[in-house]
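Same order as they appear, the protein sequences are chains F and V. The first sequence begins at 1 in our numbering and counts up by one. The second sequence begins at 163 in our numbering and counts up by one. Quick reminder that beta carbons are idealized off the backbone N, C-alpha and C, glycines included. Just so you know, these numbers come straight off a predicted model, no measurement behind them. Each remark here refers to the structure printed beneath this line.
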Amino acid sequence: MRIQVETTLNGEPTTFLCEAHHSLLDVLRNGLGLTGTKEGCSTGDCGACSVLMDGRLVPACLVLAPEAQDRTVITIEGIATSEALHPLQQKFLEHAALQCGVCTPGFIVAAKALLDANPNPSETETRYWLAGNLCRCTGYDKIVRAVLDAAAEMSSGKAAAR
Amino acid sequence: MLSIRYEAPRSIAEAIHLLASDPGAHVLAGGTDLLVQFRAGAKQPSAFIDVKRIPDLVGISLDTNGLRLGAATPAAAICEHAELGRLWPGLVEAVHLIGSAQIQGRGSVGGNLCNASPAADTTSALIADRAECVIAGPGGERVVPAERFCTGPGTTILRRDELLVAVVLPRPPARTADAYFRLIPRSEMDIAVAGAGASVTLDASGTCTAARVAVGAVAPTALLVDAAGQALIGTRLDEATLSLAAAAASAAARPISDKRGTAAYRRHVVGVLAKRAIVSAAARARER
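Below is the structure:
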C-alpha cells in the first residue's frame, strides 16, 4: 500500500509516495531525483548516504521513508546556497579531498553535523567523528585537513562578522 | 510485491494493540539492526511498528531517584547529555562505542537490548549500573533487571505483545562510579571480542562497600559476575583482590571461538578487562 509522506526537504515542503519498506535513501534517489546522496553498503557501515534528519546525522539507508513524515531532512543538495558553496565544499575542492567523489556527499554532510555541534574540533575529534564515512580512493588525510580548514575559516568569518 | 505496513503509534497502548493483533509485526526503533536483518532476508515482518512517535519511549529524564531512558532514545542524545556523562561515565562510554556517529543518530539503548547481541556494549554497562527494564504489555507493566532481559543470542524475555518502554537506573550513591572497557582489534567501528563493565562504591576510607561486575561477548548473553563483585567488597582493591575478581570474571565466561577470537583468548582477556574496569571505576569513585 502506498503511503503519502509530507516532509520538509532542504527547506522545501515536500510530498512523496512510498511503500512501507522503502528507505529514505530509495525515495531521495529514485523518487525525488536527489542523487547526491549515494548508496554504498545499505547496511549503515559506509556513511555514503549520510543526511541530517531533524538536525541529527543519520544513514538514509537505515531510515524508512515513512519516518520522514513531519521531519526536516537536509541532504547534500541543501548544503550550498544558490550564491555560494558551503565552506566545507569549497575546502574539499581546494584540498583535492576527493577522487571518485562517491563518498564526498556523505563526508560533507557528516562534517557539517560535526561543525554544527563543535565549531572548532581537534584533529582527533574530527577523525573519530568521520570514522563512519569510508573513502576507498584518497586516504583520509586531505579530507580531515579540508574539514579542519573549513572549521578555521568559518570561525574566523564569524569573528570578523562580530 | 511486498505488502508490509508501517505504523507509527502515538501511545504505548496503541503500540501494544498493534503488536497483539499482528503476530508478524516488529517493533522499529533506530532500525540499525532490524532493517539490516530485513534486507538480508533474516527477518520478514508483516508490519514495522515505529515506536519513536511515542513520547514515553524517546527522551531522558533525570531526577533525585535516578535516570529514565526512553527505550528508543538515540545513542547520540545520551552522549550529548552532560549530566549523564558525569553520573554514569562508564555507561556513556559504552553507548559512545556503538558504531559511527551516523549509527548513534539512530541506534538506541533499548534497541541494543532487544537485538540481544551477546557483544552489545551497553548491556554489560547497564547490568553493572543496576539498570532495570520497564516492559509494557496488555496486562500492564513489569520491571525486570537488565541481567535477566536477554535469554540468548537474539532472544529476550519479551513476549510478542510486549514492548520495552524504558531503562531505569538508580542514582549512584556517594563515592560510586562506573566504567566499561572492551577489546577490539582496531581503534573504532568494531564489535567487542570481549567487554566488561564495573560499578564500584567506596567508603570515606577507600574501602569497597559495594561492587558489580558484568561481562559481555563471552557467553550467550551478557553476564552479571556476582563472584567478581563479592571479591571486592570489604577490601581496598589491592592487587591480589583485583586478580581474584579478574579470575572470577574469566571463570564465569563461557565463550565460543569465532573470527573475533578463540574461547581461550576471550576467557583470559575478559578478566583483564574486568580488572581495568574495576580500577577505572574505583579511581572515579575516589574523586566523588
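{"query": "Taking the straight line between their C-alpha atoms, what separation do you get for CYS18 (chain F) and GLY40 (chain F)?", "result": "21 angstroms"}
{"query": "Where does ILE412 (chain V) fall in DSSP's three states?", "result": "The question names Ile, yet the displayed sequence has Ser at residue 412 (chain V). Helix."}
{"query": "With a cut-off of 9 angstroms, does the C-beta of ARG136 (chain F) fall near any C-beta of chain V?", "result": "no"}
{"query": "Check the DSSP bridge columns for CYS370 (chain V) and list the partner residues they point to.", "result": "V:LEU364"}
{"query": "Find out if the Cβ-Cβ distance for the pair CYS88 (chain F), ALA60 (chain F) is shorter than 9 angstroms.", "result": "The amino acid at residue 88 (chain F) is misidentified as Cys; the sequence shows Leu. For LEU88 (chain F) and ALA60 (chain F), no; Cβs fall outside 9 angstroms."}
{"query": "Beta carbons nearer than 8 angstroms to chain V: which residues of the stretch 17–42 of chain F have them?", "result": "GLU19, ALA20, HIS21, SER23 and SER42"}
{"query": "Please state whether DSSP places GLN90 (chain F) in a helix, a strand or coil.", "result": "helix"}
{"query": "Could you list which residues in chain F have their beta carbon closer than 8 angstroms to that of ALA238 (chain V), in chain order?", "result": "ARG56 and LEU57"}
{"query": "Tell me, please, which residues DSSP counts as bridged to SER223 (chain V).", "result": "V:ARG230"}
{"query": "How many whole angstroms separate the CB atoms of VAL329 (chain V) and ALA298 (chain V), which I take to be in contact at a CB cut-off of 8 angstroms?", "result": "Contact doesn't hold; Cβ gap of about 13 angstroms is too wide."}
{"query": "Identify every residue that forms a DSSP beta bridge with GLU294 (chain V).", "result": "V:PRO307 and V:VAL330"}
{"query": "Would the beta-carbon of ALA384 (chain V) fall within 9 angstroms of that of ALA393 (chain V)?", "result": "no"}
{"query": "So, for ILE476 (chain V): in the same chain, excluding its five sequence neighbours on each side, which residues have a beta-carbon less than 8 angstroms away from its beta-carbon?", "result": "This structure cannot speak to residue 476 (chain V), because chain V is shown only from 163 to 450."}
{"query": "Using a Cβ cut-off of 8 angstroms, pull out every chain V residue sitting near VAL63 (chain F), in sequence order please.", "result": "GLY193 and ARG268"}
{"query": "Judging by CA-CA distance, which residue of V:VAL257, V:ALA373, V:ARG416 and V:LEU229 is the nearest neighbour of ALA381 (chain V)?", "result": "V:ARG416"}
{"query": "Within the continuous alpha helix (DSSP H) that includes THR124 (chain F), where are the two ends?", "result": "123–129"}
{"query": "Give every residue of the same chain whose Cβ lies closer than 7 angstroms to the Cβ of ARG162 (chain F), excluding the five residues on either side of it in the sequence, and list them in chain order.", "result": "Reliability fails at ARG162 (chain F), whose pLDDT of 48 lies under 50, so the model's placement of it is uncertain and the value that follows must be treated cautiously. Here the set comprises nothing."}
{"query": "For a quick check, are the C-beta atoms of ILE108 (chain F) and ILE74 (chain F) less than 9 angstroms apart?", "result": "no"}
{"query": "Please list the terminal residues of the continuous alpha helix (DSSP H) segment that includes CYS276 (chain V).", "result": "271–277"}
{"query": "Measuring alpha carbon to alpha carbon, tell me which residue in F:GLY31, F:ASN10 and F:HIS22 is nearest PHE16 (chain F).", "result": "F:GLY31"}
{"query": "Among F:GLU125, F:GLN69 and F:VAL63, which one has its Cα closest to the Cα of ARG201 (chain V)?", "result": "F:VAL63"}
{"query": "Taking THR371 (chain V) and ALA447 (chain V) to be in contact with their CB atoms under 8 angstroms, please state how far apart those CB atoms are, rounded to whole angstroms.", "result": "With 8 angstroms as the limit, THR371 (chain V) and ALA447 (chain V) do not qualify as a contact, their Cβ atoms being about 10 angstroms apart."}
{"query": "For ARG162 (chain F), which of helix, strand or coil comes out of DSSP?", "result": "In this prediction, ARG162 (chain F) scores a pLDDT of 48, lower than 50, which makes its location untrustworthy; the coordinate-derived value is nonetheless stated afterwards. In this structure, ARG162 (chain F) counts as coil in the three-state DSSP scheme."}
{"query": "Provide the residue span of the alpha helix (DSSP H) that contains LEU177 (chain F), from first to last.", "result": "Because chain F spans 1 through 162 in this model, residue 177 (chain F) falls outside it and cannot be assessed."}
{"query": "Mind listing, in chain order, the continuous beta strand (DSSP E) runs of no fewer than 3 residues lying wholly within the stretch 26–70 of chain F?", "result": "50–53 and 56–59"}
{"query": "With a threshold of 9 angstroms between beta-carbons, can ASP45 (chain F) be considered close to chain V, or not?", "result": "yes"}
{"query": "Name the residues in the stretch 137–149 of chain F whose C-beta lies less than 9 angstroms from a C-beta of chain V; which are they?", "result": "none"}
{"query": "Would you identify the three-state DSSP class for PRO335 (chain V), choosing helix, strand or coil?", "result": "coil"}
{"query": "Beta carbons nearer than 8 angstroms to chain F: which residues of the stretch 181–192 of chain V have them?", "result": "LEU190 and GLY192"}
{"query": "Measure the beta-carbon distance from GLY106 (chain F) to SER262 (chain V) and round it to whole angstroms, keeping in mind my assumption that it falls under 8 angstroms.", "result": "About 11 angstroms separates the two Cβ atoms, so there is no contact after all."}
{"query": "State the start and end residues of the unbroken alpha helix (DSSP H) segment that holds CYS137 (chain F).", "result": "No alpha helix (DSSP H) holds CYS137 (chain F); DSSP gives it neither H nor E."}
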